[in-house]
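The working numbering numbers the first residue of the sequence shown as 1 and each following residue consecutively. Ideal Cβ placement from N, Cα and C applies to all residues, glycine included. Predicted, not measured: the structure shown is a model, and the values here were computed from it. One structure is given below, encoded as structure tokens.
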Amino acid sequence: MSNIELNKRQDQILEIVKEKGPITGEQIADLLNLTRATLRPDLAILTMTGYLEARPRVGYFYAGKSGGLHISEKINKIMVKDYQSIPVVVNNNVSVYDAICTMFLEDVGTLFVVDENSILVGVLSRKDLLRASLGSQNLNTIPVNIIMTRMPNITMCTRDELIINVADKLIEKQIDALPIVKETDKGYEVVGRITKTNITKLLVDIANDELMI
Ligand code: ADP
Numbered sequence: 001m002s003n004i005e006l007n008k009r010q011d012q013i014l015e016i017v018k019e020k021g022p023i024t025g026e027q028i029a030d031l032l033n034l035t036r037a038t039l040r041p042d043l044a045i046l047t048m049t050g051y052l053e054a055r056p057r058v059g060y061f062y063a064g065k066s067g068g069l070h071i072s073e074k075i076n077k078i079m080v081k082d083y084q085s086i087p088v089v090v091n092n093n094v095s096v097y098d099a100i101c102t103m104f105l106e107d108v109g110t111l112f113v114v115d116e117n118s119i120l121v122g123v124l125s126r127k128d129l130l131r132a133s134l135g136s137q138n139l140n141t142i143p144v145n146i147i148m149t150r151m152p153n154i155t156m157c158t159r160d161e162l163i164i165n166v167a168d169k170l171i172e173k174q175i176d177a178l179p180i181v182k183e184t185d186k187g188y189e190v191v192g193r194i195t196k197t198n199i200t201k202l203l204v205d206i207a208n209d210e211l212m213i
């Protein structure tokens, strides 16, 4: 219901109500130089679809994209695919040195390690790379597959999972990121990345009433 396309005038009404609400239909009409009657169908649509709420003798106020749902109901509809990031992967035979360079260049805190078939075989975090750097060995000669956390010990998720499940896993396992995977006959292919940063973005969107649903 709440994902219908709004026309230009309906968008204008929403902007006005967001800024000035609660506001009466009369006042909205004045601001748009229209009559109350012209506006009536748009206000009806915006109210029925849950964008606006109307209170008798008070006026219209903004109810958010997902209507008047309670905040926990909203959060429990958000999927991983609504907040995912692009994954950064390295091959399992690159050196620790190269992985550190990739982490800086790509500006991420977690790298996913894949084999020659692009199948997930490991995870590298900042601390994994720091730990390896503390040893005296030459970082150019140590392959990442020696130091990574490997399958089957990787916590993963799919695009169609609830984001709140991911938040639970991040806390329970005390990790920063999960690979988003797609199962194939060879193993799990990495299709995305979801991190504490994505969940923080979700929190900010909740506060601004700009949830991606
Ligand atoms: P940091 O190194 O900054 O503490 P994490 O808390 O994410 O980062 O990683 C802690 C440990 O957990 C590391 O050894 C890392 O390899 C491992 N790890 C990170 N993400 C996962 C994951 N999705 N599944 C399994 N292990 C992981």
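Could you spell out the range, first to last residue, of the beta strand (DSSP E) harbouring residue i?
i	result
K182	177 to 183
V123	120 to 125
T195	188 to 195
V108	Here V108 belongs to no beta strand (DSSP E), and DSSP marks it neither H nor E.
G59	59 to 62
L52	52 to 55
Skipping 5 residues on each side, what residues in its chain have a beta carbon closer than 7 Å to that of residue i?
i	result
V181	L120, M156, T158, Y188, E189, V190, V191
Q137	none
C101	none
I142	S95, V96, A132
How many Å lie between residue i and residue j at the Cα?
i	j	result
V108	K201	16 Å
E53	D11	15 Å
K169	N145	24 Å
V123	I154	7 Å
M151	I16	53 Å
S2	V166	At S2 the pLDDT is 46, less than 50, meaning the model places this residue with poor confidence; the figure from the coordinates comes in the next sentence. Looking at the two C-alpha atoms, the distance is approximately 25 Å.
A56	V204	The sequence as given places Pro at residue 56; Ala does not occur at that position. P56 and V204: Cα-Cα distance of roughly 31 Å.
L34	R40	10 Å
T184	N117	11 Å
N198	D82	10 Å
E106	N208	29 Å
G50	D160	25 Å
L6	L46	9 Å
E73	K186	37 Å
Apart from the five residues just before and just after residue i, which ones in its own chain have a Cβ nearer than 8 Å to its Cβ?
i	result
R193	Q84, S85, I86, P87, V88, V108, T110, F112, A177, L178, P179, I180
Q27	K20, G59
L32	R9, Q12, I13, I16, L39
Measure the beta-carbon distance from residue i to residue j and round it to whole angstroms, keeping in mind my assumption that it falls under 8 Å.
i	j	result
V80	I206	Wrong, their Cβ atoms sit about 16 Å apart, outside the cutoff.
R36	A44	About 12 Å separates the two Cβ atoms, so there is no contact after all.
D42	I71	No, D42 and I71 are not in contact; Cβ-Cβ is about 27 Å, not under 8 Å.
D128	M148	6 Å
Would you kindly report the start and end of the unbroken alpha helix (DSSP H) that includes residue i?
i	result
V89	Unbroken run through V89 is the beta strand (DSSP E), 89 to 91; no alpha helix (DSSP H).
L46	36 to 48
D11	8 to 20
K173	163 to 173
D160	Segment: none, D160 is in no alpha helix (DSSP H) and carries neither H nor E.
S72	71 to 75
L139	That residue, L139, is in no alpha helix (DSSP H); it is neither H nor E in DSSP.
D82	80 to 83
L31	25 to 31
Residues in its own chain within less than 6 Å of residue i by CB, not counting five upstream and five downstream?
i	result
K173	T155
S125	T110
Say whether chain D places a C-beta atom closer than 8 Å to the C-beta of residue i.
i	result
I171	Although the question refers to chain D, the structure presented lacks it and comprises just one protein chain.
Stretch pair the region 81 to 93 + the region 109 to 124: three plus CB contacts closer than 8 Å: yes
contact_flag[the region 48 to 64, the region 21 to 31] where n(CB pairs < 8 Å) is 3 or more: yes
Segment contact flag, the region 126 to 137 with the region 95 to 103, C-beta cutoff 8 Å, min 3 pairs: yes
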